[in-house]
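Participant: Residue numbers (mature numbering (1 follows the signal peptide of the UniProt record, and there is no 0)): -17 to -1, 1 to 377. Each residue gets a CB set at the ideal place from its N, CA and C atoms; glycine is no exception.
What follows is the structure, given as structure tokens:
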């Protein structure tokens, strides 16, 4: 009984891998901002005679601003930042992170998407890795270790200049752990997928590491009317999986922990901060913290582009010219696997059951995948060009 009570007392003091009552050795605390660009000891707030001399700066049109350029070992614990909240800016500005002198960024992601919610739409929410307290700022709590150097930059591809406030809080270490992994993030869209193809949240990445999860956004094509977009299953291909994955879910809303549709909610590891049925837009996330996903030679993550509706509604959608292909039809009696039966009656055949029909469709998907890797660089493509990132946002 005493042990049980001790665990209950100590549990709140063990947060994100910390034991709050212990003092680590060979670790110093540093903050980097415009008030102390290098995080140097005793060098903060020196401008304007210490009276708030450099709280913010400008992020000029077409320019790059260096947020951090630090020599030494350490772990970034928190990043806070605020600038323009307009959708075009949140997709036009991207954040790039380089570890240990690598030439290629481990992170190159549009600003708004990186901080947990896509669509360029800001909304108050909080989860284990990100928060936006009032829809006006960004917070990231993902630990980001480095062995000898860390560089973080913002690249403004817009034609506008904005004020920028930020700080990066990190632990400076005398020596980095040998077995640490590097943090990576990758942004993608389904622009190049065809009907019946899965959208890759994380294209094949080579190496050893851990998949942390993704935030995803969907702007449903209005040609599909009021049908449901989210029947697609998430698939995780691990360590040489080819045609079929080791891990597979049961549906989009199921994957983020809810069911029978997808309303707005924000929990620690899963949520849907934006569920706008009127605009047909959803932004949601799932982070594999209590249920880790490790890989030892490679990983790929995808989601099926499948929706669902009733037979008669789908017939109307088809007549309207929507790109679609029935996959299954469910009635109280059975679930028919249409793709396994080449002789199954067509959608407009009178023998086609009057039930719930899952069907391939194409909506506007984007995603940011987060993962750790045993290398400061990854083999993934560069960030998509601005025109692709802005598609559907403007």
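If you run the structure through DSSP and keep just helix, strand and coil, what is residue 295?
Facilitator: Working through the chain shown from its first residue, we reach residue 295 at position 312. Residue 295: helix per DSSP, three-state reduction.
Participant: Distance check for residue 103 and residue 125, CA to CA, integer angstroms please.
Facilitator: The count along the chain shown starts at 1 and reaches residue 125 at position 142. The count along the chain shown starts at 1 and reaches residue 103 at position 120. So the alpha carbons of these two residues sit roughly 21 Å apart.
Participant: Select from 376, 356, 375 the residue whose C-alpha is nearest the C-alpha of residue 88.
Facilitator: Position 105 of the chain shown holds residue 88. Here the closest residue by C-alpha is 356.
Participant: Answer with buried or exposed for residue 362, where buried requires no fewer than 16 other C-beta atoms within 10 angstroms of its C-beta.
Facilitator: In the chain shown, counting from the first residue as 1, residue 362 sits at position 379. Classification of residue 362: exposed, given that the 10 Å Cβ count is below 16.
Participant: Under 8 Å Cβ to Cβ from residue 370, same chain only, skipping five residues before and after it: list those, please.
Facilitator: Position 387 of the chain shown holds residue 370. Excluding positions up to five away in sequence, the list is empty.
Participant: Hey, quick one: how far does the beta strand (DSSP E) through residue 46 stretch, first residue to last?
Facilitator: Position 63 of the chain shown, counted from the start, is the residue given in the question as residue 46. Residue 46 -> no beta strand (DSSP E), and no H or E assigned at all.
Participant: Any idea if residue 244 is buried or exposed, counting beta-carbon neighbours within 10 angstroms, 16 or more meaning buried?
Facilitator: Here the question's residue 244 lines up with position 261 in the chain shown. Exposed.
Participant: Check each candidate in 106, 131, 112, 314 and name the one with the smallest Cα separation from residue 120.
Facilitator: To locate residue 120, count along the chain shown from 1; it is residue 137. The residue with the shortest Cα to Cα distance from residue 120 is 106.
Participant: As a quick exercise: from 4, 169, 212, 37, pick the residue whose alpha carbon is nearest that of residue 343.
Facilitator: Indexing the chain shown from 1 puts residue 343 at position 360. The shortest C-alpha separation from residue 343 is found at 212.
Participant: Identify whether residue 200 lies in helix, strand or coil by the three-state DSSP scheme.
Facilitator: For the purposes of this step, residue 200 is taken as the residue at position 217 of the chain shown. Residue 200 falls in the strand class under three-state DSSP.
Participant: How about the region 280 to 287 and the region 260 to 269: do they share at least three Cβ pairs that are nearer than 8 Å?
Facilitator: Verdict: no, contact absent.
Participant: State the start and end residues of the unbroken alpha helix (DSSP H) segment that holds residue 235.
Facilitator: Here residue 235 refers to the residue found at position 252 when the chain shown is read from its first residue. Element bounds for residue 235: 235 to 238.
Participant: Between which two residues does the alpha helix (DSSP H) holding residue 97 run?
Facilitator: Here residue 97 corresponds to residue number 114 of the chain shown, with the count starting at 1. Segment 94 to 97, the alpha helix (DSSP H) holding residue 97.
Participant: Go through its chain and collect everything with a Cβ distance to residue 144's Cβ below 6 Å, but skip five positions before and after it.
Facilitator: As a working mapping, residue 144 is identified with position 161 in the chain shown. If we look at residue 144 and ignore the five residues flanking it on each side, its Cβ neighbours are 41, 43, 44.
Participant: Less than 8 Å between the CB atoms is what I'm expecting for residue 192 and residue 147, so what's the real figure, rounded?
Facilitator: Here residue 192 corresponds to residue number 209 of the chain shown, with the count starting at 1. Here residue 147 corresponds to residue number 164 of the chain shown, with the count starting at 1. In fact, because the Cβ distance is near 31 Å, the residues do not count as touching under 8 Å.
Participant: Please classify residue 222: is it buried, with 16 or more other beta-carbons within 10 angstroms of its beta-carbon, or exposed?
Facilitator: If you number the chain shown from 1, residue 222 lands on position 239. Per the 10 Å Cβ criterion, exposed.
Participant: Residue 384: buried (16+ other C-beta within 10 angstroms of its C-beta) or exposed?
Facilitator: This structure cannot speak to residue 384, because the chain is shown only from -17 to 377.
Participant: Indicate the three-state DSSP secondary structure (helix, strand or coil) for residue 341 in the structure shown.
Facilitator: Residue mapping note: residue 341 aligns to position 358 of the chain shown, counting from 1. It is a strand residue.
Participant: Are residue 290 and residue 180 touching if we call contact CB-CB under 9 Å?
Facilitator: Here residue 290 refers to the residue found at position 307 when the chain shown is read from its first residue. Here residue 180 refers to the residue found at position 197 when the chain shown is read from its first residue. Contact flag unset, no.
Participant: Per DSSP, what kind of secondary structure is residue -7 in: helix, strand or coil?
Facilitator: As a position in the chain shown, residue -7 is number 11, starting the count at 1. With a pLDDT of 42 at residue -7, under the threshold of 50, the modelled position of that residue is not reliable, and no figure is offered here.
Participant: Tell me whether residue 326 sits in a helix, a strand or coil according to DSSP, three-state version.
Facilitator: Within the chain shown, numbered from 1, the residue matching residue 326 stands at position 343. Coil.
Participant: Determine the direct distance from the alpha carbon of residue 5 to that of residue 75, and round the result to whole angstroms.
Facilitator: As a first step, residue 75 is located in the chain shown; it is residue number 92 there, counting from the start. As a first step, residue 5 is located in the chain shown; it is residue number 22 there, counting from the start. When rounded, the distance between both Cα atoms is 42 Å.
Participant: Does the beta-carbon of residue 29 have 16 or more other beta-carbons within 10 angstroms, so that it is buried, or is it exposed?
Facilitator: Locating residue 29 in the chain shown gives position 46, where the first residue counts as 1. Its Cβ having fewer than 16 others within 10 Å, residue 29 is exposed.
Participant: On the DSSP letters alone, give me the boundaries of the alpha helix (DSSP H) that residue 370 sits inside.
Facilitator: Indexing the chain shown from 1 puts residue 370 at position 387. Where residue 370 is concerned, the enclosing alpha helix (DSSP H) stretches over 369 to 373.
Participant: Return the bridge partner residues of residue 277 from the DSSP annotation.
Facilitator: For the purposes of this step, residue 277 is identified with residue 294 of the chain shown, where counting begins at 1. Its beta-bridge partners are 193.
Participant: Would you decide whether residue 2 is buried or exposed? Buried here means 16 or more other CB atoms lie within 10 Å of its CB.
Facilitator: Residue mapping note: residue 2 aligns to position 19 of the chain shown, counting from 1. Flag for residue 2 reads exposed.
Participant: Report the partner residues of residue 355 according to the DSSP bridge assignment.
Facilitator: The sequence position of residue 355 within the chain shown is 372, counting from 1. 166, 193.
Participant: In this structure, what does DSSP give as the bridge partners for residue 155?
Facilitator: For this step, residue 155 is matched to residue 172 along the chain shown. Answer is 11, 57.
Participant: In whole angstroms, what is the alpha-carbon distance linking residue 382 and residue 320?
Facilitator: The requested residue 382 is not part of the displayed model; the chain covers only -17 to 377.
Participant: Using the three-state DSSP reduction, which class does residue 20 fall into: helix, strand or coil?
Facilitator: Position 37 of the chain shown, counted from the first residue, corresponds to residue 20. DSSP places residue 20 in coil when its eight states are reduced to three.
Participant: Assuming residue 71 is part of the beta strand (DSSP E), what are its boundary residues?
Facilitator: For the purposes of this step, residue 71 is taken as the residue at position 88 of the chain shown. First-last for residue 71: 70 to 75, but that is the alpha helix (DSSP H), not the beta strand (DSSP E).
Participant: How many Å lie between residue 183 and residue 17 at the Cα?
Facilitator: Within the chain shown, numbered from 1, the residue matching residue 183 stands at position 200. Within the chain shown, numbered from 1, the residue matching residue 17 stands at position 34. When rounded, the distance between both Cα atoms is 37 Å.
Participant: Quick one: what does DSSP say residue 301 is sitting in, helix, strand or coil?
Facilitator: Along the chain shown, read from residue 1 onward, the residue named residue 301 stands at position 318. Correct three-state label for residue 301: helix.
Participant: According to DSSP, is residue 139 part of a helix, a strand, or is it coil?
Facilitator: Working through the chain shown from its first residue, we reach residue 139 at position 156. Here residue 139 sits in strand by DSSP.
Participant: What residue range does the beta strand (DSSP E) around residue 264 cover?
Facilitator: Position 281 of the chain shown, counted from the first residue, corresponds to residue 264. Looking at the DSSP string, the run of the beta strand (DSSP E) that includes residue 264 is 264 to 270.
Participant: Just how far apart, CA to CA, sit residue 313 and residue 302?
Facilitator: Here residue 313 refers to the residue found at position 330 of the chain shown. Here residue 302 refers to the residue found at position 319 of the chain shown. Going from the Cα of residue 313 to the Cα of residue 302 covers about 22 Å.
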